[in-house]
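Peer 1: So that we are looking at the same thing, I have put the structure below in structure tokens.
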Amino acid sequence: MLQITLAQMRRSAGRLTAAGIAIVIGTAFVAATLLAGAVITRTVNDSIAARYADADLVIGATTDTPITDVGALEAIDGVTAAAPVNGTSLGLTVGNRTVYQLTIPTTDPRLMPLDVTDGAMPDGRDQVALPADVAERLDVAVGDTVAVTRDEMTDGGWQQITEQPVVVGLLDDPYGAYAQSQGAAVLDADTFLDWEAASWGTERGATEVSVALDPGADVAAVQAALAAEIGGTTSTDDARWVVETDVRASEVAASFTGDQDLMFLVFVLTFAAIALVVAGLVIANTFQVLVAQRTRTLALLRCVGADKAQVGRGVLTEAAILGAIASAAGVLLGVLLGQSALWIAHAMDVAVPLPDTIALTWQVIVIPMVVGVLVTVGAALVPARVATRVAPLAALRPADGPSVSRRAGRVRLVLSLLATVFGFALLAGGALLGTIAQEPTVGLLAGIAGGASSFIGVAVGAVFWLPKVTSLAGRLVGTSGPTARLAAANTLRNPRRTATTSTALLIGVTLVAMMSTGAASARASLTEALDEQYPVDVVVSSTFYDDAGVPTALPDELRAEVATAEGVSSVADLANVTLESPDFALDEDGAWVPADSADAVSPWTLDILAVDPAAARAVMNAPGDLAGLEAGTVVLGSWFADGLELSAGDTMALSGPGGTESFTVAVVDDPYASYLAWEDAAAAEPGLVANGMYVSLSDAADPNAAVGAIQFAVADADEPAQVTGAVVERAMFDQLIDTLLGIVVGLLAVAVVIALIGVANTLSLSVIERRKESATLRAIGLSKAQLRGMLAIEGLLIAGVGAVLGVALGLVYGWSGAAAALGVMGDVTLSVPWRDVALVLLVALVAGLVASVAPARTALKASPVEALAAD
Amino acid sequence: MDTTVFVPVNDTDTPADGRLAVRARGLTKTYGTGEAQVRALDGVDVDFAEGRFTAIMGPSGSGKSTLMHLLAGLDTATSGQAFLGTTEITGLGDKALTRLRRDRVGFVFQQFNLLPMFSARDNITLPLELAGAKVDHVWFDTLVRTLGLEQRLEHRPSELSGGQQQRVAIARALIAQPEVVFADEPTGNLDSRSGAEVLSFLRRSVRELGRTIIMVTHDPAAAAYADRVILIADGRIAGEISDPTPEAVLAGLDALRSLEGPVADDGTQAGA
Ligand SMILES: Nc1ncnc2c1ncn2[C@@H]1O[C@H](COP(=O)(O)OP(=O)(O)O)[C@@H](O)[C@H]1O
Ligand SMILES: [Mg+2]
Chain C
53 MLQITLAQMR RSAGRLTAAG IAIVIGTAFV AATLLAGAVI TRTVNDSIAA
103 RYADADLVIG ATTDTPITDV GALEAIDGVT AAAPVNGTSL GLTVGNRTVY
153 QLTIPTTDPR LMPLDVTDGA MPDGRDQVAL PADVAERLDV AVGDTVAVTR
203 DEMTDGGWQQ ITEQPVVVGL LDDPYGAYAQ SQGAAVLDAD TFLDWEAASW
253 GTERGATEVS VALDPGADVA AVQAALAAEI GGTTSTDDAR WVVETDVRAS
303 EVAASFTGDQ DLMFLVFVLT FAAIALVVAG LVIANTFQVL VAQRTRTLAL
353 LRCVGADKAQ VGRGVLTEAA ILGAIASAAG VLLGVLLGQS ALWIAHAMDV
403 AVPLPDTIAL TWQVIVIPMV VGVLVTVGAA LVPARVATRV APLAALRPAD
453 GPSVSRRAGR VRLVLSLLAT VFGFALLAGG ALLGTIAQEP TVGLLAGIAG
503 GASSFIGVAV GAVFWLPKVT SLAGRLVGTS GPTARLAAAN TLRNPRRTAT
553 TSTALLIGVT LVAMMSTGAA SARASLTEAL DEQYPVDVVV SSTFYDDAGV
603 PTALPDELRA EVATAEGVSS VADLANVTLE SPDFALDEDG AWVPADSADA
653 VSPWTLDILA VDPAAARAVM NAPGDLAGLE AGTVVLGSWF ADGLELSAGD
703 TMALSGPGGT ESFTVAVVDD PYASYLAWED AAAAEPGLVA NGMYVSLSDA
753 ADPNAAVGAI QFAVADADEP AQVTGAVVER AMFDQLIDTL LGIVVGLLAV
803 AVVIALIGVA NTLSLSVIER RKESATLRAI GLSKAQLRGM LAIEGLLIAG
853 VGAVLGVALG LVYGWSGAAA ALGVMGDVTL SVPWRDVALV LLVALVAGLV
903 ASVAPARTAL KASPVEALAA D
Chain X
5 MDTTVFVPVN DTDTPADGRL AVRARGLTKT YGTGEAQVRA LDGVDVDFAE
55 GRFTAIMGPS GSGKSTLMHL LAGLDTATSG QAFLGTTEIT GLGDKALTRL
105 RRDRVGFVFQ QFNLLPMFSA RDNITLPLEL AGAKVDHVWF DTLVRTLGLE
155 QRLEHRPSEL SGGQQQRVAI ARALIAQPEV VFADEPTGNL DSRSGAEVLS
205 FLRRSVRELG RTIIMVTHDP AAAAYADRVI LIADGRIAGE ISDPTPEAVL
255 AGLDALRSLE GPVADDGTQA GA
């Protein structure tokens with residue numbers, strides 16, 4: 053039997069190859085993912101281990117009882133050097149630039165992971181060594197002074213102390229020991245320990261000490277001696293411990309990444325699973341066709357005595373062999389991809405020190421192999437059952453063309469209908485829960501469950517309705533001429549085959565469309581929420597406060613720079629002032645009460661924005677918020693008006709150092725708005741300075757570029773100022789959403805590619821079995837162009853129907869998901885990502901066309917003469 | 005045996021009463037190169053008059069199919085010329101040949117070769133559809149009536165008997181009113197009754213509908229339905245029989261065998 057299976061495989065090699073590629077890609081995905089996970093883990097491990105440099109042992113203690121006498125450890129027999137490995141974050145300031153930098157103490161050279169590239173290591177209280185790029189950012193060189201801010205615990209809390217050490221050395225981090233913190237600064241060990249102790253108010257000492265041993269020393273013996281010395285054990289579970297460096301490094305690494313690398317694996321493997329499901333569909337299709345094409349051979353086998361089980365086993369054996377070969381190729385491809393990625397990363401000089409070669413663990417090889425074989429054999433189960441149903445009699449019947457279109461089962465119809473209806477109901481429920489009941493978590497869970505159920509229903513039921521849709525599409529297309537009519541009729545000959553092929557594409561396209569719809573809806577909803585939250589596109593405000601706690605003025609040059617930055621259409625100066633109102637007061641609980649109330653205990657103040665009314669109205673997105681603002685009025689948001697029980701037209705007194713004035717109240721929608729005309733504010737507060745700006749961007753400008761230009765102008769002015777606003781946040785969200793969407797779509801693309809291979813495969817299989825028919829058509833007058841056109845239309849129909857339905861489903865899922873998740877944020881804007889939708893459709897259609905090229909070439913090889921051949 | 009004369013000739017004469025539908029001059033076809041070269045046709049000169057039913061007969065491997073393929077423009081000749089009416093088809097490109105097949109030639113195949121997804125009606129009109137031409141309903145009805153397919157038009161091929169399928173195929177071959185219909189072993193896959201039926205339909209379409217039919221067969225009984233039989237052996241025209249009867253054809257074939265000697269016998273190994 054195996055002989056026959058192998059012979060059949062050899063005969064069908066071409067057909068199996070295409071299906072095999074699907075599995076190759078799927079398993080390569082799995083293997084590459086596992087490799088990437090291993091590389092991440094190892095990179096973290098290596099960088100942690102690097103911190104201990106050449107240490108053999110690591111000693112640990114608690115913060116309350118640190119190792120106070122590190123020097124004493126060096127006296128122990130076999131110990132060469134011992135040094136603290138603690139780190140702390142210190143503020144390094146030069147001019148008005150501050151960098152927070154991890155800082156570690158000096159050690160014996162063998163225990164120091166950092167290299168000095170210029171100068172030397174510090175050797176005293178007033179010296180520091182900085183990572184080279186930090187020095188560059190602070191614009192200091194060896195010999196310059198930096199201000200180091202540290203905290204010291206005093207009776208009354210923490211006090212900030214500024215030291216002024218000189219930079220004595222620049223450092224490099226060749227092993228990536230501190231890659232996560234962009235390197236580390238180094239302080240003299242004594243100074244470091246002093247400052248640490250002062251900062252925590254604890255005893256001076258180290259919580260972790262790395263120990264280098266004499267060459268040839270008995271590690272276990274020294275370990276025991278050290279444990280005895282510190283009064284600890286050799287297990288990190290205890291308060292004080294001594295362990296080997298490797299043990300400690302992998303422990304830290306594990307606690308560091310926690311579940312993150314697992315999450316990464318699960319996340320990416322989900323997409324690998326989707327790709328494999330799609331690959332499974334491609335395989336299932338291929339075997340269906342193979343079994344159909346071999347009906348006569350199988351029947352002949354039955355005639356000469358093969359039993360059903362043998363025939364079925366033959367198909368499964370074939371699948372297992374295909375699966376094994378393809379999976380092996382997949383693992384190889386995955387490994388090559390992984391290694392290439394490392395080479396590219398090395399060539400590009402990425403900041404994180406990556407291993408030179410991938411680590412080939414057994415998991416990387418075995419898991420994809422097992423999964424690949426299981427998927428292939430699983431996909432061949434149904435075709436194998438079909439093979440067992442071939443009657444021996446079939447061998448005696450005239451070859452009737454293998455277009456056996458069996459009716460799919462009733463059970464399947466009912467189950468798929470149930471899953472679909474139930475799923476969509478649940479999906480709608482989820483959306484309602486999110487929007488009306490404001491229960492995003494429950495809503496989202498219901499939505500996911502509903503989405504999954506309905507999608508399974510849709511996919512399983514595809515056999516019933518997809519051919520009908522294709523037929524409809526085919527009839528529409530078919531009116532355009534005989535070629536299209538032939539193509540449409542061809543796609544309907546094997547409804548199951550067409551359905552499986554389209555479903556494979558449907559899965560990927562639906563998910564891509566869902567993601568981009570969800571992202572577009574999230575983007576639109578967030579934009580609306582941000583527009584409500586921020587009155588203007590961009591706000592530039594001073595972040596430096598004077599002694600009275602008032603932000604300092606923004607310099608004129610900076611304001612001029614911002615006003616002329618690319619994409620800025622207009623600006624308005626802004627001043628924050630705090631004024632007191634003699635009309636109101638605070639009670640004991642801080643609640644607002646009238647000033648004449650018996651409960652009044654302290655004065656009531658209002659932080660108010662002073663603007664030039666006309667200029668401000670010009671820059672605001674909703675100028676209505678400043679509708680009533682003019683000299684002599686105060687604009688208050690509804691929150692203030694309600695709290696103070698004021699309404700439009702009432703008066704309210706405000707007083708500042710310049711005197712008290714009475715203002716007419718205007719109430720606006722924006723609940724937290726409070727505005728005063730610039731001249732009135734200047735009268736109340738004579739020292740009024742512009743410490744902020746409202747900026748509006750021109751509609752034509754690219755918002756992200758404009759924000760960049762403003763940020764650049766502010767950074768250039770070297771003043772402590774920040775850039776915020778709806779557009780800034782939007783740019784941030786946009787970037788986040790784009791990045792996430794890019795990753796997800798990139799991962800899903802694998803499934804789409806496999807599905808497209810499936811389309812090509814289905815077409816070539818059909819062409820092979822229709823060889824004689826093609827010849828007949830050519831003989832009765834079908835031109836080469838028409839034959840090519842017919843196959844192109846078939847490809848377009850299969851791919852187009854899958855893609856259009858996928859997009860439609862994806863829109864529904866994306867909207868439901870957005871409604872469920874974003875309902876709490878207010879009105880959810882359901883938007884259609886037209887560009888993405890068009891792109892997906894285009895890719896699918898072009899791929900459908902391309903998929904028909906190779907089969908068309910095969911079909912054209914069939915000379916019309918073959919139509920006359922006997923068999 | 006009565007009226008038939010067996011004349012071994014190498015040059016077939018034009019009938020006095022009509023124009024020529026198909027003509028071949030020095031038609032040669034070789035397959036393969038060097039040692040393995042096979043001369044399937046060797047300088048064949050032959051004429052087929054319009055409005056006649058001609059059968060091509062000969063032992064297996066004698067070159068019957070090859071001759072038909074070349075005459076129908078399905079395959080290219082190694083040398084020599086073939087004409088359809090006044091058009092020389094040897095040397096035409098694929099586009100021109102496709103148009104020629106579509107408009108001027110019809111085919112009937114041994115295995116019917118109907119499209120399984122189309123109804124009998126659609127199968128019949130397919131050549132016109134491909135050509136983008138209108139269906140002549142009078143002609144369609146005539147064909148369907150003559151071939152007795154009225155009740156079968158909406159059936160798929162799988163719902164038709166072999167004989168019915170072949171009749172649909174004949175209707176398909178005739179629908180575009182081609183100048184010539186070529187049939188290669190049209191009864192090869194049919195039982196004798198259905199075969200006889202199909203053959204009488206072919207003859208009727210020549211007599212009553214004025215068609216020209218060239219049929220390849222190795223069945224003397226089938227050849228007897230034709231107006232004229234061309235005998236072919238070893239890639240050459242070996243003779244012809246006018247108004248054949250089965251006995252005359254058998255005699256002709258026997259004469260061929262005695263001429264060729266044992267060679268014709270082992271020709272059976274080549275495909276029919
Ligand atoms: N495609 C081909 N390649 C090589 N030889 C061929 C091919 N077709 C036919 N022949 C050879 O040409 C000769 C004539 O074949 P054919 O015309 O099919 O004979 P017939 O139809 O009379 O049985 C035979 O010897 C056959 O083997
Ligand atoms: Mg033949």
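If you read the sequences in order, they're chains C and X. Position one of the first sequence corresponds to residue 53 (our numbering), numbered consecutively onward. Position one of the second sequence corresponds to residue 5 (our numbering), numbered consecutively onward. Here a beta-carbon is modelled for each residue, glycine too, at the ideal position from N, C-alpha and C.
How long is the line joining the alpha carbons of T543 of chain C and L863 of chain C, rounded to whole angstroms?
Peer 2: About 26 Å.
Peer 1: Which bits of chain X does V853 of chain C rub up against, with CB to CB less than 8 Å?
Peer 2: Neighbours of V853 of chain C on chain X: none; closest Cβ ~18 Å, over 8 Å.
Peer 1: Pull up the CB-CB distance for S209 of chain X and T150 of chain X, whole angstroms please, since I reckon it's below 8 Å.
Peer 2: About 7 Å separates the two Cβ atoms, so the contact holds.
Peer 1: Is the Cβ-Cβ distance between L496 of chain C and A872 of chain C less than 8 Å?
Peer 2: A contact, by the Cβ cut-off of 8 Å.
Peer 1: Fully enclosed by the region 78-164 of chain C, which alpha helix (DSSP H) runs are 4 residues long or longer?
Peer 2: Taking only runs of at least 4 residues, the alpha helix (DSSP H) segments lying wholly in the region 78-164 of chain C are 122-126.
Peer 1: My assumption, with CB atoms under 8 Å, is that V653 of chain C sits in contact with E640 of chain C. Please give the rounded CB distance.
Peer 2: Sure, about 6 Å apart at Cβ, within 8 Å.
Peer 1: Just the C-alpha distance for P174 of chain C and V168 of chain C, rounded to the nearest angstrom, thanks.
Peer 2: Rounded to whole angstroms, P174 of chain C to V168 of chain C spans 10 Å at the Cα level.
Peer 1: I need the straight-line Cα distance from L815 of chain C to V76 of chain C, nearest angstrom please.
Peer 2: Their Cα atoms are separated by approximately 20 Å.
Peer 1: What is the C-beta distance between A525 of chain C and I559 of chain C, in whole angstroms, given that I count them as a contact (C-beta under 8 Å)?
Peer 2: With a Cβ gap of about 19 Å, A525 of chain C and I559 of chain C do not count as contacting.
Peer 1: Taking 7 Å as the cut-off, is the CB of Y229 of chain X close to at least one heavy atom of ligand 1?
Peer 2: No, Cβ of Y229 of chain X sits at least 7 Å from all heavy atoms of ligand 1.
Peer 1: Can you say whether Q232 of chain C is buried or exposed, counting buried as having 16 or more other CB atoms within 10 angstroms of its CB?
Peer 2: Exposed, since its Cβ has fewer than 16 Cβ neighbours within 10 Å.
Peer 1: Are the Cβ atoms of W867 of chain C and T569 of chain C separated by less than 8 Å?
Peer 2: For W867 of chain C and T569 of chain C, yes; Cβs fall inside 8 Å.
Peer 1: Could you tell me which whole alpha helix (DSSP H) segments of length 4 or greater appear in the region 576-653 of chain C?
Peer 2: As far as the region 576-653 of chain C is concerned, its whole alpha helix (DSSP H) runs of at least 4 residues are 608-615.
Peer 1: Nearest CA to the CA of K836 of chain C: which residue from X:L88, X:R106 and X:S83?
Peer 2: For the residues X:L88, X:R106 and X:S83, the minimum Cα distance to K836 of chain C belongs to X:R106.
Peer 1: Is any heavy atom of ligand 1 found at a distance shorter than 7 Å from the C-beta of S69 of chain X?
Peer 2: Correct: S69 of chain X has its Cβ closer than 7 Å to ligand 1.
Peer 1: For K99 of chain X, return the contacting residues in chain C, with the cut-off set at a CB-CB distance below 9 Å.
Peer 2: Near K99 of chain X (Cβ distances below 9 Å), the residues of chain C are S835, K836 and A837.
Peer 1: Applying a beta-carbon distance threshold of less than 9 Å, which residues of chain C neighbour D79 of chain X?
Peer 2: The contacting residues are S915, P916 and V917.
Peer 1: If the cut is a Cβ gap below 8 Å, which residues of chain C does T221 of chain X touch?
Peer 2: Chain C residues near T221 of chain X: none, gap ~13 Å exceeds 8 Å.
Peer 1: When the Cα atoms are used, what is the spatial distance from V759 of chain C to D768 of chain C?
Peer 2: Whole-angstrom Cα-Cα distance: 14 Å.
Peer 1: Return yes when the C-beta of G65 of chain X is under 7 Å from any heavy atom of ligand 1, and no when it is not.
Peer 2: Checking every heavy atom of ligand 1 against the Cβ of G65 of chain X, one is found closer than 7 Å.
Peer 1: Between the alpha carbons of G192 of chain X and E825 of chain C, how many angstroms are there, rounded?
Peer 2: In a straight line, the C-alpha of G192 of chain X is about 19 Å away from that of E825 of chain C.
Peer 1: Can you find a heavy atom of ligand 1 that lies under 7 Å from the Cβ of G38 of chain X?
Peer 2: G38 of chain X Cβ: outside cutoff for every heavy atom of ligand 1.
Peer 1: Going by the CB atoms, is the gap between A40 of chain X and K33 of chain X shorter than 8 Å?
Peer 2: No, they are not a contact pair.
Peer 1: With 16 other CB atoms within 10 Å as the buried threshold, where does H73 of chain X fall?
Peer 2: Buried: at least 16 other Cβ atoms inside 10 Å.
Peer 1: Beta carbon of A514 of chain C, beta carbon of V442 of chain C: below 8 Å?
Peer 2: Not a contact, by the Cβ cut-off of 8 Å.
Peer 1: Check this for me: beta carbons of A627 of chain C and A674 of chain C, under 8 Å apart or not?
Peer 2: Cβ distance not < 8 Å, so A627 of chain C and A674 of chain C don't count as in contact.
Peer 1: Between F122 of chain X and chain C, is there a C-beta pair that is closer than 8 Å?
Peer 2: Yes, F122 of chain X lies at the interface with chain C (some Cβ there is under 8 Å from its Cβ).
Peer 1: For the beta strand (DSSP E) containing F715 of chain C, name the first residue and the last one.
Peer 2: From DSSP, the beta strand (DSSP E) with F715 of chain C extends over G711 to V720.
Peer 1: Would you mind telling me which residues of chain C sit closer than 9 Å to R176 of chain X, beta carbon to beta carbon, in chain order?
Peer 2: In chain order: I832.
Peer 1: Consider the C-beta atom of Y865 of chain C and the heavy atoms of ligand 3; say whether any pair is separated by less than 7 Å.
Peer 2: Ligands present in the displayed structure are limited to ligand 1 and ligand 2, and ligand 3 is not among them.
Peer 1: Leaving out five residues on either side along the sequence, give the residues of the same chain with a beta carbon under 7 Å from the beta carbon of A647 of chain C.
Peer 2: Cβ within range, chain order: P634, D635, F636 and A637.
Peer 1: Could you check the C-alpha separation between A870 of chain C and L800 of chain C for me, to the nearest Å?
Peer 2: About 20 Å.
Peer 1: Where does D258 of chain X sit, in a helix, a strand or coil, going by DSSP?
Peer 2: Correct three-state label for D258 of chain X: helix.
Peer 1: Tell me which residues share the same chain as E201 of chain X and place their Cβ nearer than 6 Å to its Cβ, disregarding the 5 neighbours each side in the sequence.
Peer 2: Excluding residues within five positions, the ones whose Cβ falls inside 6 Å are G167.
Peer 1: Since D51 of chain X is in the beta strand (DSSP E), which residue starts that stretch and which ends it?
Peer 2: Counting along the chain, the beta strand (DSSP E) containing D51 of chain X begins and ends at V42 to A53.
Peer 1: Can you grab the Cα-Cα spacing for the pair Y865 of chain C / V320 of chain C, in whole Å?
Peer 2: The straight-line gap from Cα to Cα measures roughly 21 Å.
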